[in-house]
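Protein chains in written order, with this note's numbering: chain A, 324 to 512; chain B, 324 to 512.
There are 2 protein chains.
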Amino acid sequence: MAEKPPRRSDATRTAILAAARERFASDGYERATIRAIAKDAQIDPSMVMRYYGSKEGLFDAVLDVDLRMPDPQRLRPHDVGEALVDHFLTLWEENNGVLTALLRVGVTNPAGAQRLQGIFRDQVLPVAQRICPDPEQAPARAGLIVSQMLGLALARYVLKLPPAVALAREEVVAWLAPTVQRYLTAPHP
Amino acid sequence: MAEKPPRRSDATRTAILAAARERFASDGYERATIRAIAKDAQIDPSMVMRYYGSKEGLFDAVLDVDLRMPDPQRLRPHDVGEALVDHFLTLWEENNGVLTALLRVGVTNPAGAQRLQGIFRDQVLPVAQRICPDPEQAPARAGLIVSQMLGLALARYVLKLPPAVALAREEVVAWLAPTVQRYLTAPHP
DNA sequence: ACCGTAGGCCAACACTTGTTGACAGTCCAG
DNA sequence: CTGGACTGTCAACAAGTGTTGGCCTACGGT
Chain A
324 MAEKPPRRSD
334 ATRTAILAAA
344 RERFASDGYE
354 RATIRAIAKD
364 AQIDPSMVMR
374 YYGSKEGLFD
384 AVLDVDLRMP
394 DPQRLRPHDV
404 GEALVDHFLT
414 LWEENNGVLT
424 ALLRVGVTNP
434 AGAQRLQGIF
444 RDQVLPVAQR
454 ICPDPEQAPA
464 RAGLIVSQML
474 GLALARYVLK
484 LPPAVALARE
494 EVVAWLAPTV
504 QRYLTAPHP
Chain B
324 MAEKPPRRSD
334 ATRTAILAAA
344 RERFASDGYE
354 RATIRAIAKD
364 AQIDPSMVMR
374 YYGSKEGLFD
384 AVLDVDLRMP
394 DPQRLRPHDV
404 GEALVDHFLT
414 LWEENNGVLT
424 ALLRVGVTNP
434 AGAQRLQGIF
444 RDQVLPVAQR
454 ICPDPEQAPA
464 RAGLIVSQML
474 GLALARYVLK
484 LPPAVALARE
494 EVVAWLAPTV
504 QRYLTAPHP
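In structure tokens form, the structure reads like this:
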């Protein structure tokens with residue numbers, strides 16, 4: 324069902340996608356105009372419509388994100404916190420644009436918020452349920468972890484609060500790892 | 324220098340301000356249109372311009388926020404974490420609109436981000452510097468605390484992640500208090 | 001060589017936005 | 001009573017938005 328007829332316009336398609344990712348990440352949904360994206364990709368605005376249907380279609384194509392969550396089997400219980408924090412930091416830095424765009428749009432656009440909820444439900448929750456001693460507590464614990472990770476990303480990559488930006492990557496891991504570890508495995512207070 | 328000539332239009336002014344607060348909170352800066360705000364306040368859009376100059380002027384007037392940070396002198400070192408978490412939760416729930424608006428706009432609008440930075444610098448940092456044993460570490464520690472508190476607000480009040488919404492207020496305090504306490508007073512890892 | 005088809009650009013549409021100026025009612029000081 | 005300032009409404013502007021359809025070009029299979 325996955326056919327791959329290489330089209331002559333693939334270069335243009337990916338150029339649009341790359342430009343859109345950058346614009347959405349830096350400007351948010353409303354301020355990222357199709358005209359600006361098209362200019363960045365050096366094509367006509369109408370091409371965006373032809374290839375992605377609408378602005379929301381383009382936005383959907385951009386935010387097709389895979390958190391590449393680690394295999395719960397391979398995580399050692401005693402350093403799972405550090406592993407998770409490190410994983411999220413890597414994820415955010417490597418493919419900065421997409422996650423920042425996702426966060427920005429999730430905050431402004433209702434559809435974006437639901438997209439984020441879906442990612443949490445489909446990618447984060449299952450991992451938490453396999454690690455938690457009591458799977459029933461998994462949602463709450465996962466929610467707490469996400470609140471800390473998203474909060475850090477918010478302060479560091481979006482709001483750019485000076486102290487959050489100044490922290491070295493290893494410092495962030497050293498500070499957050501115990502928090503995540505506790506949210507995940509400590510007894511319910 | 325603070326003159327208070329009671330104007331006949333004060334009712335309208337506050338009506339505009341209230342409507343703007345709600346609209347900015349629920350829609351963000353770009354989607355909150357002056358026309359919608361004016362309709363909510365049951366007046367003409369041009370009145371907004373007359374009384375607040377421009378959309379950004381109105382936005383400035385709305386986001387004049389005071390965190391009412393507690394007096395550092397009165398905080399007991401052993402439960403400062405709990406006190407801070409409780410304070411921020413109260414703040415957010417009482418005065419829901421303004422802070423949600425601030426967060427939403429801070430994420431989308433560069434001016435909003437700087438406004439948030441200013442609040443952090445002027446209201447949060449000074450308190451942290453009086454509590455921290457080593458004032459030089461205060462910015463980093465305050466940044467970490469803010470990342471956790473903003474992250475929780477983001478998940479609970481903006482994105483409305485189900486697990487973060489489902490948590491009872493006391494549970495949130497019980498989970499976050501030790502985190503904040505550690506960020507504030509634990510030795511640098 | 002040929003012709004259907006896909007890639008691309010241009011100009012325009014319909015709509016919404018922030019913002020402005022002219023005009024009418026209303027209050028109060030003189 | 002009267003004039004001026006204040007409060008409010010209406011209509012319009014200029015700019016920018018997503019989106020559409022028509023037209024030209026150039027490839028690629030037959």
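Even glycine gets a Cβ: it sits at the ideal position worked out from N, Cα and C.
C-beta neighbour in chain A for residue i, strict 9 Å
| i | result |
| --- | --- |
| W415 (chain B) | no |
| M372 (chain B) | no |
| R427 (chain B) | yes |
| G474 (chain B) | yes |
| S470 (chain B) | yes |
| V385 (chain B) | no |
| Y506 (chain B) | yes |
| A497 (chain B) | yes |
| L477 (chain B) | yes |
| A338 (chain B) | no |
| P393 (chain B) | no |
| P510 (chain B) | no |
| A489 (chain B) | yes |
Through-space distance from residue j to residue i, alpha-carbon basis
| i | j | result |
| --- | --- | --- |
| V428 (chain A) | G351 (chain A) | 6 Å |
| L422 (chain A) | P329 (chain B) | 49 Å |
| V371 (chain A) | K362 (chain A) | 11 Å |
| T335 (chain A) | V408 (chain B) | 50 Å |
| R331 (chain A) | L340 (chain A) | 16 Å |
| A489 (chain B) | A355 (chain B) | 28 Å |
| Q504 (chain B) | Q471 (chain B) | 12 Å |
| I357 (chain A) | G420 (chain A) | 17 Å |
| S377 (chain A) | D383 (chain A) | 10 Å |
| A325 (chain B) | Y374 (chain B) | Low local confidence applies: a pLDDT of 47 at A325 (chain B) is under 50, so the model's placement there is unreliable, with the coordinate-based value given in what follows. Each residue's Cα considered, the two are about 18 Å apart. |
| V495 (chain B) | D367 (chain A) | 50 Å |
| C455 (chain B) | L477 (chain B) | 26 Å |
| T337 (chain B) | R444 (chain B) | 28 Å |
| R399 (chain A) | L473 (chain A) | 23 Å |
| D394 (chain A) | P449 (chain A) | 10 Å |
| A406 (chain A) | L499 (chain A) | 11 Å |
| W415 (chain A) | A497 (chain B) | 29 Å |
| A348 (chain B) | L381 (chain B) | 13 Å |
Within-9 Å CB hit, residue i to chain B
| i | result |
| --- | --- |
| T502 (chain A) | yes |
| L467 (chain A) | yes |
| G420 (chain A) | no |
| A463 (chain A) | yes |
| P485 (chain A) | yes |
| R492 (chain A) | no |
| V408 (chain A) | no |
| L390 (chain A) | no |
| K378 (chain A) | no |
| V481 (chain A) | yes |
| A424 (chain A) | no |
| A364 (chain A) | no |
Per-residue burial, residue i [other beta carbons within 10 Å of its own, 16 or more giving buried]
| i | result |
| --- | --- |
| P512 (chain A) | exposed |
| A509 (chain A) | exposed |
| E345 (chain B) | buried |
| T279 (chain B) | This structure gives no information on residue 279 (chain B), because the portion of chain B shown stretches from 324 to 512. |
| Q396 (chain B) | exposed |
| T431 (chain B) | buried |
| G435 (chain B) | buried |
| G404 (chain B) | buried |
| R391 (chain B) | exposed |
| R464 (chain B) | buried |
| R438 (chain A) | buried |
| T502 (chain B) | buried |
| A342 (chain A) | buried |
| R479 (chain A) | buried |
Residue i versus the options, residue with shortest Cα-Cα distance
| i | options | result |
| --- | --- | --- |
| I442 (chain A) | B:L482, B:S470, B:M392 | B:L482 |
| P486 (chain A) | B:P486, B:L467, B:L499 | B:L467 |
| R492 (chain A) | A:L475, A:Y506, A:V385, A:L507 | A:L475 |
| L386 (chain A) | A:Q452, A:L426, A:P456, A:P433 | A:L426 |
| A451 (chain A) | A:T502, A:Y506, A:L473, A:W498 | A:Y506 |
| Q446 (chain B) | B:L499, B:A424, B:V469 | B:V469 |
| A364 (chain B) | B:D389, B:D333, B:E353 | B:D333 |
| R389 (chain A) | A:A461, A:L484, A:E417, A:H401 | Residue identity check: residue 389 (chain A) is Asp in the sequence provided, not Arg. With distances taken between Cα atoms, D389 (chain A) lies closest to A:E417. |
| L484 (chain A) | B:R453, B:L381, B:P458, B:P433 | B:P433 |
Taking only beta carbons into account, state which residues of the region 344-360 of chain B come closer than 9 Å to chain A, listed in chain order.
D350, G351, Y352, E353, R354
At a Cβ cut of 7 Å, what residues of the region 431-461 of chain B count as close to chain A, listed as they run along the chain?
T431, A436, L439, Q440, F443
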